[in-house]
Amino acid sequence: MKILSMSTATSDLSVAIRQDGQLTFAKMEKNQRNHSVDLDPLIEEGLKETGLTLKAIDRFAVAIGPGSYTGLRVGLTTAKMLASILGKDLVGVSTLKALALNCAGRNALVVAALDARNQNFFAGAYRGQEAVIEDGHYALGDLLDQIQALPDQEVIFTGSDFTKYADAIKEGLAGKQVTFAEGDDNLLQAGQVALLAEKAAPIDPDQAVPNYLRRTQAEYDWQKKTGQAFEADSAYVEEV
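Laid out in structure tokens, this is it:
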């Protein structure tokens, strides 16, 4: 199987190609915020380097959220378009699950998180590829309470820069061994998205939507202005 994967969920842009279980191309452009311009050239670079064409790709995979609202739309729109036009599989992969995979195999609970500001995080906790705290939008204190209740004695945090919260995290997880991932282990990599996509069930491109995990400010503003209930097609986000 040939998988082309992409991530535009964070400020880092990442594209990878996986062929028959082997990663044959992976490139990341760090701190690039113009994903709508840079994504297509990076895909073309990957195809050229591997000698493939878009028609040769069996499955398109994308980090589906959580993450930057604008970034998620760029990646998912591109993946949906390619899968739909070419009649190929589309797979959406959890941003947090892909992040957690950076630290898999260390015999520890891996907490993958993205800073949602004001001591709130998009976060999930994983043992290997098993989610033991489901992806969600959590206040830091609530997240730590849930982790503390788990039997795991070793906990690794990956994703966001946790250094400014290190004291609060260690205090909230007293009795556990807490470490913080370093370097590229904190970055969302399209190669991990491709790996997870190998065994994932394809989704209908026409029905695929970003997994924001909370409503956008525009939705709240619209409801406040109109007084109308959220539409049914907004059910994929959860108000917290």
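Note that the UniProt record's numbering gives residue 113 to position 113 of the sequence shown, counting from 1, and the numbers run on in steps of one. We treat Cβ as the ideally placed atom computed from N, Cα and C, and that holds for glycine.
Beta-bridge partners of residue i, as assigned by DSSP
i	result
residue 2	19
residue 155	109 and 178
residue 59	3 and 89
6 angstroms CB neighbourhood of residue i in its chain, flanking five on each side removed
i	result
residue 152	109
residue 233	Low confidence applies here, because residue 233 scores a pLDDT of 46, under 50, leaving its location unreliable and the question unanswered by this model.
residue 162	180
residue 191	16, 23 and 26
residue 67	9, 10 and 95
residue 166	none
residue 217	In this predicted model, residue 217 has a pLDDT of only 49, less than 50, meaning its place in the structure is not dependable enough to derive any value.
residue 35	8, 13, 71 and 74
Three-state secondary structure (DSSP) of residue i
i	result
residue 160	coil
residue 33	coil
residue 64	strand
residue 135	strand
residue 26	strand
residue 52	coil
residue 39	helix
residue 13	strand
residue 242	The question about residue 242 has no answer here: the residues shown for the chain are numbered 1 through 240.
residue 144	helix
residue 70	helix
residue 242	A question about residue 242 goes unanswered here, because the residues of the chain that appear run from 1 up to 240.
Option nearest residue i by Cα separation, candidates the options
i	options	result
residue 97	177, 29 and 158	158
residue 17	51, 117 and 208	51
residue 13	57, 40 and 102	40
residue 30	193, 189 and 197	189
residue 133	85, 149 and 119	149
residue 102	69, 178 and 156	156
residue 3	37, 43, 34 and 33	43
residue 53	173, 197 and 19	19
residue 33	45, 85, 7 and 57	7
residue 116	139, 128 and 77	139
residue 93	77, 187 and 196	196
residue 64	130, 77 and 104	77
7 angstroms Cβ shell around residue i - same chain, five flanking residues per side excluded
i	result
residue 73	210
residue 90	60, 79, 80, 83, 202, 203, 205 and 208
Identify every run of the alpha helix (DSSP H) within the stretch 167-227, keeping only runs that are complete inside it and at least 4 residues long; order them along the chain.
190-197 and 217-226
Where are the alpha helix (DSSP H) runs, 4 residues long or more, that stay fully inside the stretch 82-133, in chain order?
95-101
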